[in-house]
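Engineer:
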Amino acid sequence: MCRFLAYLGEPVFLNELVCAPTHSLVHQSLHAAEAKTETNGDGFGIGWYGEHAEPGLYRDVCPAWSDDNLVNLCRQVRAKTFFAHVRAATGTATTRANCHPFAHGRHLFMHNGQIGGYHRIKRRLEALIPDDLYDTRRGTTDSEAIFLLALANGLEADPVGAMEATCATVRDLMQAARITEAFRFTAVLTDGDSLTAFRWACDGRPPSLYFRESERGLTVVSEPIDGCRDGWQVVPKGGTLRARRGFRAVVGLPEAGRAAA
Numbered sequence: 005m006c007r008f009l010a011y012l013g014e015p016v017f018l019n020e021l022v023c024a025p026t027h028s029l030v031h032q033s034l035h036a037a038e039a040k041t042e043t044n045g046d047g048f049g050i051g052w053y054g055e056h057a058e059p060g061l062y063r064d065v066c067p068a069w070s071d072d073n074l075v076n077l078c079r080q081v082r083a084k085t086f087f088a089h090v091r092a093a094t095g096t097a098t099t100r101a102n103c104h105p106f107a108h109g110r111h112l113f114m115h116n117g118q119i120g121g122y123h124r125i126k127r128r129l130e131a132l133i134p135d136d137l138y139d140t141r142r143g144t145t146d147s148e149a150i151f152l153l154a155l156a157n158g159l160e161a162d163p164v165g166a167m168e169a170t171c172a173t174v175r176d177l178m179q180a181a182r183i184t185e186a187f188r189f190t191a192v193l194t195d196g197d198s199l200t201a202f203r204w205a206c207d208g209r210p211p212s213l214y215f216r217e218s219e220r221g222l223t224v225v226s227e228p229i230d231g232c233r234d235g236w237q238v239v240p241k242g243g244t245l246r247a248r249r250g251f252r253a254v255v256g257l258p259e260a261g262r263a264a265a
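With positions in the sequence shown counted from 1, the corresponding number in the working numbering is that position plus 4.
#1: For residue 61, which residues from the same chain have a beta carbon less than 8 Å from its beta carbon, with the 5 sequence-adjacent residues on both sides left out?
#2: Exposed or buried, residue 70, counting other C-beta atoms within 10 Å across all chains shown (16 or more means buried)?
#3: According to DSSP, is residue 56 helix, strand or coil?
#4: Report yes if the C-beta distance between residue 99 and residue 53 is below 7 Å; otherwise report no.
#5: So, under 8 Å CB-CB, residue 154 and residue 166 are touching, yes? Tell me the CB distance rounded to an integer number of Å.
#6: Under a Cβ-count criterion, where at least 16 other Cβ atoms within 10 Å of its own Cβ denotes burial, should residue 32 be classed as buried or exposed?
#7: Between which two residues does the beta strand (DSSP E) carrying residue 245 extend?
#8: Relative to the C-alpha of residue 227, which candidate in 218, 187, 237 has its C-alpha closest?
#9: Output needed for residue 56: all residues of its chain with C-beta closer than 8 Å, excluding positions within five of it in sequence on either side, in chain order.
#10: What's the call for residue 109, buried or exposed, on a 16-neighbour Cβ count within 10 Å?
#11: Taking just the CA atoms, how far does residue 6 sit from residue 205?
#12: Tell me the rounded alpha-carbon separation between residue 133 and residue 78.
#13: Closest to residue 127 by C-alpha separation, out of 38, 215, 136, 150, would be which residue?
#14: For a test of your reading of the model: does the CB of residue 84 fall under 6 Å from any non-hydrogen atom of the ligand GTP? Yes or no.
#15: Pick from 216, 64, 156: whose alpha carbon is nearest that of residue 11?
#16: I'd like the list of long-range same chain contacts for residue 102, defined as Cβ closer than 8 Å, with 5 residues on each side in sequence excluded.
#17: Could you check if residue 254 is buried or exposed, using at least 16 other CB atoms within 10 Å of its CB as the buried criterion?
#18: Cα-Cα, which of 193, 233, 208, 67 is closest to residue 186?
#19: Note the first and the last residue of the continuous beta strand (DSSP E) segment covering residue 16.
#20: Would you identify the three-state DSSP class for residue 150, choosing helix, strand or coil?
#21: Do residue 44 and residue 37 have their C-beta atoms within less than 7 Å of each other?
#22: Ignore the nearest five residues each way along the sequence and tell me which others in residue 26's own chain have a CB closer than 7 Å to its CB.
#23: Apart from the five residues on each side of it in sequence, which residues of its chain come closer than 7 Å, Cβ to Cβ, to residue 260?
Here is the structure:
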């Protein structure tokens, strides 16, 4: 499993959240506390919104703890919205194209979890992605496939509805293939101005997800970056967190989320 961080609010330097805290994402790349594996060294990525509508991306296969370029970039980049992700691969290659976050137009997406038995439904799942979106596929992960299918299902207009439909399709394919492994889906999506986070799993064991609001903005994490849980709220199993710039975050339990939890 992977670890990630998302921020939406007043512009801050990425370093303040990604590198500097006691239990920062860079620290978690070696010493994760709430993941299946302590080490997340199969690449990393950051995506941020600056002066353009579409986000910038920096991804690499180096472990986050050993990349000086990541630290230097985070010290210089100041953004109102950004994602950061450290990867622990679950069966697909360690390549730059497989590192999160994934971008399409003005959207960023990152995922912590996996489709159980993905290799058994990969071809059928990819066949559901329209050609114009499939042509943008660069990697081989289940995460990118989920993102592209959700875009086809109307993600831009209705993020929660699109993800519910996409996850339902994945589960139908798994059931048809008689896959007994779990489908776990903790993920975050943004268009730069709004943010939606999901914590679903078909076996009731979704990866951890926390959030904290302050006067400056909203931070969403796989695990608290300051090493303690004070001030952090847990997104409940089956829950969806929605936020928009200038408004407080709202946690909901949509029908599909409850069913998947």
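Every residue, glycine too, gets a C-beta built ideally from N, C-alpha and C.
Structural biologist: Taking the geometry as given:
#1: Within the sequence shown, residue 61 is the residue found at index 57, counting from 1. Here the set comprises 49, 50, 51, 105, 107.
#2: Along the sequence shown, read from residue 1 onward, the residue named residue 70 stands at position 66. Classification for residue 70: exposed.
#3: On the sequence shown, position 52 is the one that residue 56 refers to. If DSSP states are grouped into helix, strand and coil, residue 56 belongs with coil.
#4: In the sequence shown, counting from the first residue as 1, residue 99 sits at position 95. In the sequence shown, counting from the first residue as 1, residue 53 sits at position 49. No, these two residues do not count as a Cβ contact at 7 Å.
#5: Taking the first residue of the sequence shown as 1, we reach residue 154 at position 150. Taking the first residue of the sequence shown as 1, we reach residue 166 at position 162. So it is a contact: roughly 5 Å between Cβ atoms.
#6: Counting from 1 along the sequence shown, the entry for residue 32 is found at position 28. Residue 32 is buried by the Cβ-count criterion.
#7: Within the sequence shown, residue 245 is the residue found at index 241, counting from 1. Taken as a continuous stretch (DSSP letters only), the beta strand (DSSP E) holding residue 245 covers 243-248.
#8: Within the sequence shown, numbered from 1, the residue matching residue 227 stands at position 223. Nearest of 218, 187, 237 to residue 227, Cα basis: 237.
#9: To locate residue 56, count along the sequence shown from 1; it is residue 52. For residue 56, there are no CB contacts under 8 Å within the same chain when 5 residues up- and downstream are skipped.
#10: Here residue 109 corresponds to residue number 105 of the sequence shown, with the count starting at 1. Answer is exposed; the Cβ neighbour count stays below 16.
#11: Taking the first residue of the sequence shown as 1, we reach residue 205 at position 201. Taking the first residue of the sequence shown as 1, we reach residue 6 at position 2. When rounded, the distance between both Cα atoms is 15 Å.
#12: Taking the sequence shown and counting its residues from 1, the one referred to as residue 133 is at position 129. Taking the sequence shown and counting its residues from 1, the one referred to as residue 78 is at position 74. Each residue's Cα considered, the two are about 34 Å apart.
#13: Working through the sequence shown from its first residue, we reach residue 127 at position 123. The candidate whose alpha carbon is nearest that of residue 127 is 150.
#14: Questions concerning the ligand GTP fall outside what the structure shown contains, since it holds no ligand whatsoever.
#15: Your numbering for residue 11 matches position 7 in the sequence shown. Distances from the alpha-carbon of residue 11 to those of 216, 64, 156 put 216 closest.
#16: To locate residue 102, count along the sequence shown from 1; it is residue 98. Here the set comprises 47, 91, 93, 96, 143, 144, 145, 148.
#17: Stepping through the sequence shown from its first residue, residue 254 is reached at position 250. Using a 10 angstroms sphere on the CB of residue 254, the tally of other CB atoms stays under 16, which defines it as exposed.
#18: Numbered from 1 along the sequence shown, position 182 holds the residue referred to as residue 186. Among 193, 233, 208, 67, the Cα nearest to that of residue 186 is on 208.
#19: On the sequence shown, residue 16 is found 12 positions in, with the first residue counted as 1. That run of the beta strand (DSSP E) goes 7-17.
#20: Sequence index remark: in the sequence shown, residue 150 carries index 146 (1-based). Helix at residue 150.
#21: Here residue 44 refers to the residue found at position 40 of the sequence shown. Here residue 37 refers to the residue found at position 33 of the sequence shown. Taking 7 Å as the Cβ cut-off, residue 44 and residue 37 do not qualify as a contacting pair.
#22: Locating residue 26 in the sequence shown gives position 22, counting from the first residue. For residue 26, where only same-chain residues beyond five positions count, the Cβ hits under 7 Å are 230, 231.
#23: Translated into the one-based positions of the sequence shown, residue 260 becomes position 256. Low per-residue confidence applies at residue 260: pLDDT is 44, beneath 50, and the placement is therefore not dependable, though the value from the model is reported in the following sentence. For residue 260, where only same-chain residues beyond five positions count, the Cβ hits under 7 Å are 168, 171, 172.
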